[in-house]
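Chemist:
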Amino acid sequence: MAKPAAFTCRSNCAGNPSMSVKVRFAPSPTGLIHVGNVRIALMNWLFARREGGTFVLRVDDTDLERSTKLFEDQIVEDLHWLGLNFDERFNQSARFDLYEAARAKLVDTGFLYPCYETEDELDRKRKLQRAQGKPPVYDRAALSLTDAEKAKYEAEGRKPHWRFKLSGGRIEWNDLVRGPSHIDTSSVSDPILIREDGSYLYTLPSVVDDLEAKITHVIRGEDHVTNSAAQIEIFEALGGKGSSPALAHFPLLVGSDGEKLSKRIGGLSVKALREEEGIEPMAILSLLAKLGTSDAIEARSDLASLVSELDFSKVSRTPARFDFAEMERLNAKLLHETGFLAVRDRLEALGITAGETFWNAVRPNLNRLKDAADWWQLVEGPVTPVIEDADYAAKAASLLPDGELTRESWGAWTSAIKAETGRKGRELFMPLRQALTGQNHGPEMDVVLMLIGREKALTRLSGQAA
């Protein structure tokens, strides 16, 4: 299948060049959003911003038993933390009157019909079809029911589920990621839109909302491709010919081993990445924006860069591999390039009261911002010194420059030690680092010595914790 050309909505917005782009992210508040959700939210947000359009948060909370305000609030908090601020917001739970009106219209026009088969009866039908080598497509037996037969089922206490009658024709669309696509609706079952208990499945409310909100593009995962033909027909049944938004289906994420992310998905929620892993938002977004594309995966410091680089034609058809280590690499890269003012308040929240000199000294050693607290402990103490040669440490202490230590003190001090002891290289420097920091590696020692100060340096060189 041919790849779609690079898409510019300004010249072709769902067939209407005057139409303003409007997209939506539609999470269900039944759990935390994870990297898979964020990737779809990000692609919608980037597309809307690139086109000067509108990004809508649609909260899919028609499942009133499982949806919670706690999860809804967390979704909003996560989106704001990521910088994916929405322009409009609404909840499906406040729109049941619209869905009821759509239901009535579809019934009146003959598109929605009641079916009384139980799940066991449907399962037996599917098994028989498979045994006969046929696809397990619903046989539309309910369409031939008489009013008397329906009344008999009702008297037995059966409640109907409601199916949408598909055309049986070939539905085609130009997918903005997958290219020219089609589905023969004769090969799929008429979809159930309303359950026996009267509750709505995802499909009907989604179509109604997209029509009412004037959504121009639906950007989502490719697990929805099989639903596309039915949804296009429902759009046209409710909104007329050509009312379906443009569609873009992104390949799903898999782990670095090629397996589904489902086993790790709890640890890959935005909340966990932020609070437990200490990952920066732009590390997450930099990775997700480029996964599965022909672009190199590189750290971006702001969303504006990702907006300008968005190009659906670069998206591969193969599943995108999510590598946690890659995200960690981007996280470290971003911290190494971050200025002090951008993190000052966050450092203070960690109890770090040092200024820019400390930050510039330690940031090349950070993988997470919270790692700075460990280096601050190195300065503030207490630090247990590592001293293997007490005589060398004592000699070094005697040569420590007088007065307040500066960045130049380290060079003068080590030169004096070298002249006195004849040591050089690792033999000269490593014992001093170990004595002053208790570590074998870390920030540049000229800054460390200055931040520690003369009194603590002498105490640690004597072998005492300070």
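Per UniProt numbering, the very first residue in the sequence shown carries number 1; after that it's consecutive.
Where a beta carbon is used, it is the ideal one built from N, C-alpha and C, also for glycine.
1) Distance check for residue 128 and residue 287, CA to CA, integer angstroms please.
2) Whole-angstrom Cβ separation of residue 448 and residue 437, contact assumed at under 8 Å?
3) Let me check understanding here. Comparing Cα to Cα, which of 66, 347 and 85 lies closest to residue 55?
4) By alpha-carbon positions, which one of 391, 465 and 378 ends up nearest to residue 431?
5) Residue 274 to residue 102, Cα distance in whole Å?
6) Is it true that the region 287-298 meets the region 311-330, where meeting means three or more beta-carbon pairs spaced less than 8 Å apart?
7) Hey, quick one: how far does the beta strand (DSSP E) through residue 112 stretch, first residue to last?
8) Please confirm whether residue 59 and residue 137 have their CB atoms less than 8 Å apart.
9) Assign residue 356 to buried or exposed, taking buried as 16 or more other Cβ atoms, counted over all protein chains shown, within 10 Å of its Cβ.
10) Over the uninterrupted beta strand (DSSP E) stretch that includes residue 182, give me the two end residues.
11) Within the region 192-253, note down every full alpha helix (DSSP H) run reaching 4 residues or more, in order along the chain.
12) Give the secondary structure of residue 172 by DSSP, where H, G and I count as helix, E and B as strand, and everything else as coil.
13) Using only CA atoms, which one of 209, 323, 99 and 120 lies nearest to residue 255?
14) The beta strand (DSSP E) that contains residue 91, what's its start and end?
15) Could you name each continuous alpha helix (DSSP H) segment of 4 residues or more that falls completely within the region 59-109, going from the start of the chain to the end?
16) With a threshold of 6 Å on Cβ separation, who are the neighbours of residue 416 within its own chain once the five nearest residues in sequence on each side are excluded?
17) Report yes if the CB atom of residue 89 is closer than 8 Å to the CB atom of residue 213, and no otherwise.
18) Please state the DSSP three-state secondary structure of residue 152.
19) Can you tell me whether residue 146 is helix, strand or coil according to DSSP?
20) Report all residues from its chain with a CB closer than 7 Å to the CB of residue 369; omit the five preceding and five following residues, and keep chain order.
21) Give a yes or no on whether the minimum CB-CB distance between residue 447 and chain B is below 8 Å.
22) Sorted by chain position, which residues of the same chain lie with C-beta nearer than 8 Å to residue 233's C-beta, five sequence neighbours on each side aside?
23) Can you tell me where the beta strand (DSSP E) holding residue 23 begins and where it ends?
24) Any idea if residue 44 is buried or exposed, counting beta-carbon neighbours within 10 angstroms, 16 or more meaning buried?
25) Can you check whether the CB of residue 26 is closer than 8 Å to the CB of residue 206?
26) Assign residue 441 to one of three DSSP states: helix, strand, or coil.
27) Do three or more CB pairs link the region 112-132 to the region 69-76 at distances below 8 Å?
28) On the DSSP bridge list, what partners appear for residue 34?
29) Between the Cα of residue 502 and those of 457, 371 and 383, spot the shortest distance and give me the residue it belongs to.
30) Does the region 198-205 come into contact with the region 133-153, if we say contact requires no fewer than three beta-carbon pairs (one atom in each stretch) closer than 8 Å?
31) Considering only residues of the same chain and omitting the five flanking positions on each side of residue 316, which have a CB-CB separation below 8 Å?
32) Per DSSP, which one or two residues make a beta bridge with residue 163?
33) What residue range is occupied by the uninterrupted beta strand (DSSP E) comprising residue 312?
34) Give me, in chain order, the residues of the same chain whose beta-carbon lies closer than 7 Å to that of residue 239; leave out the 5 immediate sequence neighbours on both sides.
35) Measuring straight from C-alpha to C-alpha, what distance separates residue 160 and residue 116?
36) Give the range of the beta strand (DSSP E) segment to which residue 321 is assigned.
Modeler: Reading it off the structure:
1) 47 Å
2) 6 Å
3) 85
4) Closest by alpha carbon: 391.
5) 41 Å
6) Segments in contact, yes.
7) 112-115
8) no
9) Result: exposed.
10) 179-184
11) 203-212 and 228-239
12) Three-state DSSP puts residue 172 in a strand.
13) 323
14) 88-91
15) Qualifying alpha helix (DSSP H) stretches, in chain order: 69-82 and 96-108.
16) Within the same chain, 399 come within 6 Å of residue 416 by CB-CB distance, once the 5 residues on both sides are set aside.
17) no
18) helix
19) coil
20) 278, 335, 343 and 346
21) The structure shown contains no chain B; it holds only a single protein chain.
22) 164, 166, 167, 171 and 185
23) 22-25
24) buried
25) yes
26) coil
27) no
28) Answer is 269.
29) With the chain covering 1 to 466 only, the question about residue 502 has no answer from this structure.
30) no
31) 251, 292, 293 and 294
32) Within the DSSP bridge table, the entry for residue 163 names 113 and 192 as partners.
33) Unbroken run through residue 312: none, as it is neither H nor E.
34) 211
35) Going from the Cα of residue 160 to the Cα of residue 116 covers about 5 Å.
36) 320-322
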